[in-house]
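Undergrad: For the sequence shown, the working numbering begins at 1092 and goes up steadily by one.
Using N, Cα and C, we set each Cβ at its ideal position, and we do this for glycine too.
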Amino acid sequence: MRFGIRTLDELSVRGKTVLCRVDINQPVDRDAGTLKSINRITACVPTIRELCGKGAKVVLLAHQGSDIEYKNFYTTKPHAAVLSSLLGKEVKWIDDVCGPAARDMIRGLHDGEVLLLDNVRFVAEEQTLFEKNLRLSHEQQAKTLLVQKLAPLADLYVCDAFAAAHRDQPSLCGFEQVLPSAMGRLFEKEYCTVSSVMEHPERPCVFVLGGAKISDAFQMMQTVLERGIADTILTGGLVANIFLIALGSEIGNGSRAFIFKSNYSEFFDRAKELYAKFGDKIKLPSDLAWVENGERREAAIELMPENVTAIDIGHATADAYRTCILHAKTVFVNGPMGIFEQEPSEYGTKELWRALADTEGFTVLGGGDSITATEKYQLTDKIGYICTGGGALIRFLSGEELPVVKALRHGSLISEA
Ligand code: ADP
Ligand code: MG
1092 MRFGIRTLDE LSVRGKTVLC RVDINQPVDR DAGTLKSINR ITACVPTIRE
1142 LCGKGAKVVL LAHQGSDIEY KNFYTTKPHA AVLSSLLGKE VKWIDDVCGP
1192 AARDMIRGLH DGEVLLLDNV RFVAEEQTLF EKNLRLSHEQ QAKTLLVQKL
1242 APLADLYVCD AFAAAHRDQP SLCGFEQVLP SAMGRLFEKE YCTVSSVMEH
1292 PERPCVFVLG GAKISDAFQM MQTVLERGIA DTILTGGLVA NIFLIALGSE
1342 IGNGSRAFIF KSNYSEFFDR AKELYAKFGD KIKLPSDLAW VENGERREAA
1392 IELMPENVTA IDIGHATADA YRTCILHAKT VFVNGPMGIF EQEPSEYGTK
1442 ELWRALADTE GFTVLGGGDS ITATEKYQLT DKIGYICTGG GALIRFLSGE
1492 ELPVVKALRH GSLISEA
């Protein structure tokens, strides 16, 4: 047991049917029916290989598509093909989640075989709306269709989906109420790495915080500052723009309009409070960049023109941040410094990501877009640890107990038959 949760070392899986929840949610090219990245699929291969290698009948549960934009839901069929080639053995697939066809297929599995079910989010109970508005308890989640139909066919439940560990949904928290449970190897590695960085960071410990997950970012900043985990926070992206405007800087009407339109102005008070308390630790950009007629332009904060939208940090800020990263012993990164997807506004992110590669400090990076930037600049093997989770990582660093961790602790106390 680690953190009160069973690992795969403590399960005997031979001949057993194991439900294994993975997070293989990837960007999809809908027209071509293919996946644009396979990094999360690759990351859960060790767990699947170990389970089938030990003679388990492995049933994989996974989602594809954000549960906030339902139109993004997509089948897991392409994932099965990718998994087959990564594992070097056939991964069966069925266009059903927990209906009679899926259940027949599970009953027919032989030892060592792997079956991937279709997108669990096709089942209505697997939704954030339910999570937020209905707030199903874990006991109630155990009574949902998915768990009622699949648990009786299974002996064990394994969760390897650290990237979804902040979700309170039946496929993630329901099975642990009724089946002996454990975390998979990826979950174990992510949880241990992130916990140890959080508990005993080598100092100085620097947080690089950009991007657009504002509410989570503010919660996390507060926790890591109050607990003395972060020595310095380097802000960029929308996080920095919110601080700057809250503290009275004029950084262009476009920047201001965007923040009001997105209702991020409600974080102004929080930004002011945090800065009043921890201003020596929170670094804000001294210059910003915008794009005019396709060209990049920059100015110091005091000299920002009226009618622009700040979409990247400037050169002076990037230089200062780079120096700070090079002197750090631990660097935690979530969220790009600007709209790095477009060439004129990629400089800040590109420069800082290079600093992450150059620093001797241990770097931990998470978040879908942050990982995309790492791949874009071909720095994947230069980062100390890349966490598949973004939301889960940030929520974890906010000091909250993750719903899946809580559920796994419960399922770790259920004895194997
Ligand atoms: P991650 O996926 O790494 O957790 P987020 O999803 O929080 O990061 O934020 C990434 C997104 O934020 C990117 O799509 C990027 O273009 C956008 N972004 C960064 N800086 C700005 C900015 N100044 N204005 C608008 N969008 C920004
Ligand atoms: Mg993102």
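#1: Could you name the residues of the same chain whose beta carbon sits closer than 6 Å to that of residue 1150, not counting the 5 residues immediately before and after it, in chain order?
#2: Verify the contact flag: residue 1303, CB atom, against every heavy atom of the ligand ADP, threshold strictly below 6 Å.
#3: Along the alpha helix (DSSP H) that carries residue 1289, what are the first and last residues, could you check?
#4: Is it right to say residue 1154 is buried, meaning 16 or more other beta carbons lie within 10 angstroms of its own, or is it exposed?
#5: Tell whether a beta-carbon distance below 7 Å holds between residue 1257 and residue 1498.
#6: Tell me which residues share the same chain as residue 1261 and place their Cβ nearer than 7 Å to its Cβ, disregarding the 5 neighbours each side in the sequence.
#7: Just tell me which of 1366, 1244, 1263, 1242 has its CA closest to the CA of residue 1251.
#8: According to DSSP, simplified to helix, strand and coil, what is residue 1384?
#9: Contact between the stretch 1415–1431 and the stretch 1345–1358: three or more CB pairs below 8 Å?
#10: On the DSSP bridge assignment, give the partners of residue 1477 in chain order.
#11: Residues in the same chain with beta-carbon distance under 6 Å from residue 1214, minus the five sequence neighbours each way, listed in chain order, please.
#12: Using the C-alpha atoms, what's the distance from residue 1333 back to residue 1390?
#13: Measure how close the beta-carbons of residue 1191 and residue 1125 come, nearest whole angstrom, since I'm counting them as under 8 Å.
#14: Run the CB neighbour count on residue 1386, radius 10 Å, all protein chains shown included, and call it buried at 16 or more, exposed below.
#15: Looking at C-alpha atoms only, which residue of 1306, 1329, 1416, 1298 is the closest neighbour of residue 1316?
#16: Could you please give the first and the last residue of the uninterrupted beta strand (DSSP E) stretch that includes residue 1248?
#17: Return the CA-CA distance between residue 1171 and residue 1506, expressed in angstroms with no decimal places.
#18: Given residue 1133, which residues of its chain have a CB within under 8 Å of its CB, disregarding the five upstream and five downstream residues?
#19: So what does residue 1378 bridge to, in DSSP terms?
#20: Would you list the residues whose beta-carbon is nearer than 6 Å to any heavy atom of the ligand MG, in the order they occur in the chain?
#21: Would you mind stating whether residue 1378 and residue 1345 have Cβ atoms separated by less than 7 Å?
#22: Hey, could you find the ends of the beta strand (DSSP E) residue 1326 is sitting in?
#23: With a threshold of 8 Å, are at least 3 pairs of Cβ atoms found where one atom belongs to the stretch 1405–1417 and the other to the stretch 1436–1443?
#24: Using the beta-carbon count (16 or more within 10 Å), is residue 1179 buried or exposed?
#25: Just tell me which of 1362, 1275, 1295 has its CA closest to the CA of residue 1336.
#26: Buried or exposed for residue 1302, please, with buried defined as at least 16 other CB atoms from any protein chain shown within 10 angstroms of its CB.
#27: Answer with buried or exposed for residue 1148, where buried requires no fewer than 16 other C-beta atoms within 10 angstroms of its C-beta.
TA: From the atom records:
#1: 1110, 1197, 1206
#2: yes
#3: 1276–1290
#4: buried
#5: no
#6: 1216, 1217, 1232, 1235, 1237, 1238
#7: 1263
#8: coil
#9: Under the Cβ criterion (8 Å, minimum of three pairs), the stretch 1415–1431 does not count as touching the stretch 1345–1358.
#10: The partner list for residue 1477 (beta bridge, DSSP) reads 1456.
#11: Result list for residue 1214: 1188, 1237, in chain order.
#12: 18 Å
#13: So it is not a contact: roughly 30 Å between Cβ atoms.
#14: exposed
#15: 1298
#16: 1247–1250
#17: 31 Å
#18: 1177
#19: 1391
#20: 1458, 1459, 1460, 1481
#21: no
#22: 1323–1326
#23: yes
#24: exposed
#25: Residue nearest to residue 1336 within the set 1362, 1275, 1295 is 1362 (criterion: CA-CA distance).
#26: Under this definition residue 1302 is a buried residue.
#27: buried
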